[in-house]
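Let me begin by presenting the structure, written as structure tokens, before commenting on it.
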Amino acid sequence: MILAEVLIERSANALNRPFTYLYPFKDKLTAGVRVVVSFANRDVVGYVIKVKEDKRNKDEYEKESGFVLNPIKSVLDKSPILNDEMLNLAKEVSNYYLSPLISVLQTMLPPSLKPRFSTLKAPKIHYEKYLSIVNESEKDLTAKQIELLRLIYKNGKVRKRDLKSPSIIKKLIELNRIREIEIEVPRLKIPEYKKDERKNLTADQKKAISTILNSKNKISLVEGVTGSGKTEVYLALSEEVIKKGRNVLMLVPEISLTSVMVSYYLRRFKGKVAILHSELTPAEKYDEYRRIARGEANIVVGARSAIFAPLKNIGLIILDEEHVESYKQDNVPTYHAREVAFMRAKTNNSMVVLGSATPLLETRIRAMRGIYNHIILPERINKQPLPKTTIVDMLKGYNLCRDSHMFSKVLYEKIKDRLEKKEQIILLINRRGFSTSIVCRECGEAIKCPTCGISLTYHRNDNMLKCHHCGHVMQYPKTCPNCDSKYLGKTGFGTERIEQEIIKLFPKARVLRLDSDVGRVRNNISRVIEKFRNQEADILIGTQMIAKGHDFPNVTLVGVVLADIGLSLPSFRNTEKAFTLITQAIGRSGRDKKAGEAIIQTYMPEHYAIQLASRQDYNAFFNAEMKIRKASQYPPYTYLISLTIKAKKEDLAQDIAYQIASDLTNKNYPDVKILGPSTPYIPYENEWYVREILIKYKKEDEIRKYIEKLRITLQNKPSVSILVNVDPFDF
13 MILAEVLIER SANALNRPFT YLYPFKDKLT AGVRVVVSFA NRDVVGYVIK
63 VKEDKRNKDE YEKESGFVLN PIKSVLDKSP ILNDEMLNLA KEVSNYYLSP
113 LISVLQTMLP PSLKPRFSTL KAPKIHYEKY LSIVNESEKD LTAKQIELLR
163 LIYKNGKVRK RDLKSPSIIK KLIELNRIRE IEIEVPRLKI PEYKKDERKN
213 LTADQKKAIS TILNSKNKIS LVEGVTGSGK TEVYLALSEE VIKKGRNVLM
263 LVPEISLTSV MVSYYLRRFK GKVAILHSEL TPAEKYDEYR RIARGEANIV
313 VGARSAIFAP LKNIGLIILD EEHVESYKQD NVPTYHAREV AFMRAKTNNS
363 MVVLGSATPL LETRIRAMRG IYNHIILPER INKQPLPKTT IVDMLKGYNL
413 CRDSHMFSKV LYEKIKDRLE KKEQIILLIN RRGFSTSIVC RECGEAIKCP
463 TCGISLTYHR NDNMLKCHHC GHVMQYPKTC PNCDSKYLGK TGFGTERIEQ
513 EIIKLFPKAR VLRLDSDVGR VRNNISRVIE KFRNQEADIL IGTQMIAKGH
563 DFPNVTLVGV VLADIGLSLP SFRNTEKAFT LITQAIGRSG RDKKAGEAII
613 QTYMPEHYAI QLASRQDYNA FFNAEMKIRK ASQYPPYTYL ISLTIKAKKE
663 DLAQDIAYQI ASDLTNKNYP DVKILGPSTP YIPYENEWYV REILIKYKKE
713 DEIRKYIEKL RITLQNKPSV SILVNVDPFD F
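Those letters in the sequence shown? Residues 13 to 743, by my numbering.
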């Protein structure tokens with residue numbers, strides 16, 4: 013009797029263990045394939061993690077074990093969908109992030125290969141039918157048949173649908189002159205670029221490359237000011253690694269940067285580059301994933317999930333803009349691409365390069381302590397000075413533009429000047445939408461999301477109210493839902509409103525907007541960026557998507573419309589994120605021969621994050637922020653795990669959260685501090701009430717054991733759920 017241990021597709025903590033099924037078929041079963049099984053009277057997809065033989069028969073097994081032994085209904089794969097390295101990686105990620113193994117497998121694999129029932133309807137391999145020669149003899153053929161035979165012979169093979177002669181084709185196949193073959197056709201159309209040779213490197217770039225290649229330390233931080241040529245360092249390192257017969261994994265934090273980085277790599281490594289990111293269709297992901305697994309690409313370029321690409325023999329892993337929070341996933345499994353990169357590097361004995369003008373504080377301190385190589389690129393490659401920056405206090409009425417309260421006089425005049433000079437402008441406001449909230453002028457209530465309780469944002473483009481957290485959408489109401497008043501007012505502003513104001517102030521200007529609303533339409537992000545790079549627009553308005561990694565040679569002015577966004581949020585990283593965003597945005601200006609300038613509009617002009625960002629003074633910010641982190645005992649001085657407790661009833665969520673916090677406190681673990689429970693900014697989600705606990709610790713063993721027991725304790729409470737987030741980026 014052959015038995016299989018199967019992980020089923022559901023990722024609940026209670027089901028984070030294999031279930032045993034009987035294998036009833038004659039063909040050999042191997043671990044690593046997907047199967048269809050019955051679970052709780054429903055068909056589900058599972059992943060086989062072990063196959064074993066049992067000498068007992070089915071009746072004996074059921075009698076001795078006390079369990080009914082159900083048969084596997086069908087096997088979906090002929091061979092394992094993950095090799096040993098990737099399966100071991102999945103287990104390591106699952107253990108480190110305290111996440112169910114099945115959830116890691118589902119994250120690693122493209123839609124068509126996920127251990128999930130929906131994969132049965134997902135795209136499969138796309139084949140095209142071709143005709144090829146079997147026997148070129150023209151004996152006993154008609155003129156028409158000879159004509160077609162010669163055409164196929166001359167071309168080697170011809171696509172069947174290009175030939176409009178089905179009866180002749182059928183006859184030639186019957187006569188064994190030609191045959192029909194199927195050839196897999198990739199659905200992703202990769203752009204063609206003219207091959208680009210390696211550029212002349214600066215002395216700093218050469219030193220950086222030499223240090224990384226020759227150091228015994230496998231992890232390096234490349235800290236370079238904006239425009240210092242980090243990308244050229246990545247490309248040169250990739251060349252050296254590929255020369256040695258090894259492969260490269262190149263990560264960027266957002267889709268908006270993927271097309272840019274792909275173009276750099278395709279120009280240097282024609283035909284060797286594969287692409288993985290969320291803007292690809294499921295079919296394109298499936299094709300690219302299989303192409304990588306077959307070893308047909310030396311380089312993979314992609315966003316966060318590309319860290320799980322089935323690339324073998326990795327010699328180099330690069331995380332560009334390593335400071336960006338989108339490298340961290342906040343739903344199960346709560347992995348960070350950087351930590352997974354370290355795991356893969358250890359297995360492959362490969363180098364890891366972390367690049368940024370504004371590294372995370374944790375990364376910077378590790379580099380300073382020698383845990384990582386610390387490589388500094390102190391100057392822009394063209395020796396251009398960093399942009400001249402002006403801070404404008406928007407609390408002072410005399411600074412405001414007469415025609416719009418959203419712009420200062422100086423920013424208005426600078427925009428006007430650049431438009432006259434045919435130079436380009438970037439305007440950053442890290443908030444999408446038209447108005448940040450709709451408030452009733454009678455009762456004073458803001459219209460809130462019924463799902464999670466935060467204010468809905470007005471989007472003028474489609475006249476809808478939208479929740480930027482859970483995605484809830486509703487039509488703009490005619491009256492207040494609270495008091496039925498007709499007097500509704502719009503407060504605050506976002507990218508849509510700025511776009512409207514710019515069009516009003518500068519009607520002849522060509523304006524583009526880039527935010528996640530625009531990005532919802534496939535390929536819009538790369539289309540907008542390419543249009544702006546080709547100088548088909550004068551002004552680009554956007555959120556943080558436009559603030560990092562882009563190189564627009566004709567941009568000479570950056571305006572940060574409202575620099576304060578985020579500074580008042582309850583997060584230990586709020587100042588770091590504000591400093592980074594402003595610094596990166598300023599760095600888009602003056603990257604070519606023309607001098608750059610930046611205007612920072614703010615209601616908090618004396619805040620140290622804004623002052624130091626205006627001077628691009630990362631060292632001073634690092635020193636100031638590290639003192640605050642040390643005093644408050646946040647990373648890099650402690651490790652963090654957050655627990656998010658959700659319950660159908662508010663008092664139940666509160667009670668369980670207090671029980672956990674009290675129990676943890678009473679354990680008296682050394683160097684452990686418990687914060688909370690607290691009510692988060694978003695107090696309920698999808699009718700579940702939410703409470704949070706933050707655990708600060710220095711040694712993880714006891715805390716991890718406690719959380720594992722806690723998950724087992726809570727797994728049988730259907731009205732309660734717990735999300736464990738190891739190393740939360742934000743809290």
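Here a beta-carbon is modelled for each residue, glycine too, at the ideal position from N, C-alpha and C.
Just so we're clear, the structure is a prediction, and the values are computed from it rather than from any experiment.
For secondary structure counted as the alpha helix (DSSP H) over 4 or more consecutive residues, the segment 277-328 holds these complete runs in sequence order: 294-305. Secondary structure at S420: strand, using DSSP grouped into helix, strand and coil. By the CB criterion at 9 Å, R585 and E192 fall outside the cutoff.
Secondary structure of K156 (DSSP, three-state): helix. If you ignore the 5 residues before and after L735, its C-beta comes within less than 6 Å of the C-beta of T656, all in its own chain and listed in chain order. Excluding residues up to 5 positions away in sequence, M13, I14 and L15 lie with their Cβ nearer than 8 Å to the Cβ of E65 in the same chain.
Contact check for R171 and Y142: beta-carbon distance about 6 Å, within the 8 Å limit, so the pair qualifies. Sixteen is the threshold: since fewer than 16 other Cβ atoms of the shown chains lie within 10 Å of the Cβ of V146, the residue is exposed.
Residue environment analysis places V80 among the exposed positions, since fewer than 16 neighbouring C-beta atoms fall within 10 angstroms of its C-beta. Beyond the five residues adjoining it in sequence on each side, I231 comes within less than 6 Å, by CB distance, of V364 and Y384 in the same chain, given in chain order. I383 sits in coil when the DSSP states are folded into three classes, being neither helix nor strand.
The Cβ atoms of L706 and S674 lie no closer than 9 Å to each other. The alpha-carbon of L439 is positioned some 47 Å away from that of N28.
For secondary structure counted as the alpha helix (DSSP H) over 4 or more consecutive residues, the segment 537-615 holds these complete runs in sequence order: 586-598. Counting C-beta pairs with one atom in each stretch, the segment 524-531 and the segment 482-491 have fewer than three that are closer than 8 Å, which means they do not touch. In its chain, beyond the 5 residues on either side, T402, V404 and I611 have a beta carbon closer than 7 Å to the beta carbon of V422. Secondary structure note for D742: it is in no alpha helix (DSSP H), with a DSSP letter that is neither H nor E.
At a Cβ-Cβ threshold of 9 Å, G241 and G599 do not count as neighbours. Of all C-beta pairs linking the segment 678-686 to the segment 631-638, fewer than three are shorter than 8 Å, placing the two stretches out of contact. The residue among L19, I93 and S111 with its C-alpha nearest the C-alpha of I724 is S111. With fewer than 16 other Cβ atoms from the protein chains shown falling within 10 Å of its own Cβ, E140 counts as exposed. The Cβ atoms of N566 and K606 sit closer than 9 Å to each other. For R703, the enclosing beta strand (DSSP E) starts and ends at W700 to Y709. Residue environment: P83 is assigned as exposed (fewer than 16 neighbouring CB atoms within 10 Å of its CB, all protein chains considered). Between the alpha carbons of I330 and R189 lies a gap of roughly 52 Å.
Remark: C-beta atoms of E235 and Y630 approach each other more closely than 9 Å. Looking at the DSSP output, F505 sits in no beta bridge, so it has no partner there. Under the three-state reduction of DSSP output, Q645 falls in the coil class, being neither helix nor strand. Annotation for P178: no beta strand (DSSP E) segment contains it, though the alpha helix (DSSP H) segment containing it runs P178 to E186. Unbroken beta strand (DSSP E) runs of no fewer than 3 residues, entirely contained in the segment 227-260, are found at 231-236, following chain order.
Counting only residues of its own chain and dropping the five nearest sequence neighbours on each side, K282 has a CB closer than 8 Å to the CB of Y205 and K207. The beta-carbon separation of M557 and S268, rounded to 4 Å, stays under the 8 Å limit for a contact. The C-alpha of N259 is placed about 23 Å away from the C-alpha of I387. The DSSP-derived three-state label of P390 is coil. When secondary structure is reduced to three states using DSSP, D474 falls in the coil class, being assigned neither helix nor strand.
Residue pairing from DSSP leaves K133 without any beta-bridge partner.
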